[in-house]
Each structure stands twice: as C-alpha cells, then as structure tokens.
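One structure is given here, and the rest of the page talks about it.
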Amino acid sequence: MRALTKLKFLKPTFEKYIKLVLIVTILTLFLGFSVALGWLLGNVLFFMSLSLKNNYFDFILTMKSFNKGLFFLYYLASLVVLIVTVGIGFLVPQIISPYACCLGFVGFKFFVLLSNIFGGEVF
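So the sequence shown is numbered by this note's numbering: it starts at 471 and just counts up by one.
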C-alpha cells in the first residue's frame with residue numbers, strides 16, 4: 471500500500487478509497503468469488519493506469535521538446551491496460567466477472583465525484 475501512496479496528489483482520497491475497496495470486496499464475496507475478483511482486478515489495473523499516467527506526465531513535463539513517439543507509447547499502454555481490464559473478464563467470465571472489473575476500473579472516479587459533491591465526506 472505504501473508503494474501506491476507515492477501518488478501524493480491523491481493520498482488522502484486514496485487512503486479512504488482503499489478502505490472502501492476492501493469493504494466492497496468483502497461484501498461482494500457474498501455475490502460470488504468471481505465478482506470480488508473482478509472488482510479487485512479492476513481497481514488494481516486502474517491504479518496501474520493512474521501510476522502510468524502520473525509517471526508519464528512527470529517525465530513529459532521535464533522534457534525540453536514534445537516527443538510524439540513517447541506520447542503514442544503512453545497512449546498504447548493506457549489502451550492496453552483498459553483492454554486487459556475488460557478482456558480478461560470476458561475471456562474467463564466464470565473466474566472473473568467482466569462487469570465488476572469495469573466497475574472497479576471506474577469506481578475511483580465515481581468516488582471522487584461523490585466526495586466532491588458531498589463536500590469530501592463520503593466515507
């Protein structure tokens with residue numbers, strides 16, 4: 471968990487969201503193991519995507535000139551992470567729920583939206 475908190479701009483929100491992810495994972499175990507695994511996989515791949523984006527922007531802002539090749543590589547890596555999120559679920563739906571995987575991937579965005587709407591006190 472400490473490795474993911476290197477994303478300093480998200481630290482307070484991230485810590486609250488990790489607690490929510492763990493609670494939702496425990497609750498989704500009652501719906502089935504594939505739903506819980508899909509939820510966790512979606513969240514893990516989302517944070518991989520967020521870390522990739524953070525590292526890319528840190529790197530690109532320190533460059534003297536824009537490199538189209540690096541932008542294409544970043545875009546391709548982001549697309550692969552998104553496709554892997556949904557693709558694994560649809561390839562083996564009996565093990566990983568693709569819908570829970572998609573919800574896990576966009577769950578943090580909804581969490582941030584709701585916390586901003588309700589004044590930062592969602593959880």
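Just so it is clear, CB atoms sit at the ideal spot from N, CA and C, and this is done for glycine as well.
Residue i burial status per 10 Å Cβ neighbour count (16 or more: buried)
| i | result |
| --- | --- |
| L510 | buried |
| G502 | exposed |
| F575 | buried |
| T532 | exposed |
| V550 | exposed |
Element boundaries [alpha helix (DSSP H), containing residue i]
| i | result |
| --- | --- |
| V582 | P568 to I587 |
| K523 | F503 to L531 |
| I553 | K538 to L561 |
Residue nearest to residue i in terms of C-alpha spacing, selected from the options
| i | options | result |
| --- | --- | --- |
| L543 | F503, L499 and N525 | N525 |
| L552 | L507, V494, V491 and P568 | P568 |
| V505 | F588, F578 and L573 | L573 |
| F560 | M518, G512, G577 and F541 | G512 |
C-alpha gap between residue i and residue j, whole angstroms
| i | j | result |
| --- | --- | --- |
| T555 | I496 | 21 Å |
| N586 | L507 | 28 Å |
| L540 | G577 | 28 Å |
| L520 | F536 | 21 Å |
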